[in-house]
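Visitor: The working numbering puts the first residue of the sequence shown at 6, with every later residue one more than the last.
Have a look at this one before I ask anything.
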Amino acid sequence: MKNIELPRKVIVGEGATHSIKEICNELNLKNPLIFSGNFTKKFADII
6 MKNIELPRKV IVGEGATHSI KEICNELNLK NPLIFSGNFT KKFADII
């Protein structure tokens, strides 16, 4: 299996999921793939 490095932006913050549309517009993300949850936060903290 090959490791593939994907471009990513990680946003962690209280209530960030409630402002997804505004955040994506500010970052100029046209077609974002969004994951959220406790597991995702733990993974994002490692990065």
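Every residue gets a Cβ at the ideal spot worked out from N, C-alpha and C, and that includes glycine.
No experiment lies behind these values; they were computed from the predicted model shown.
Indicate the three-state DSSP secondary structure (helix, strand or coil) for I28 in the structure shown.
Guide: As a working mapping, residue 28 is identified with position 23 in the sequence shown. DSSP places I28 in helix when its eight states are reduced to three.
Visitor: N33 to I25, Cα distance in whole Å?
Guide: To locate residue 33, count along the sequence shown from 1; it is residue 28. To locate residue 25, count along the sequence shown from 1; it is residue 20. Distance between the alpha carbons of N33 and I25: 12 angstroms.
Visitor: Any idea what DSSP makes of N43, helix, strand or coil?
Guide: Here residue 43 refers to the residue found at position 38 when the sequence shown is read from its first residue. N43: helix per DSSP, three-state reduction.
Visitor: Compute the Euclidean distance between the alpha carbons of G42 and H23, then round it to the nearest angstrom.
Guide: In the sequence shown, the residue the question calls residue 42 occupies position 37. In the sequence shown, the residue the question calls residue 23 occupies position 18. Near 13 angstroms, if we compare the C-alpha coordinates of H23 and G42.
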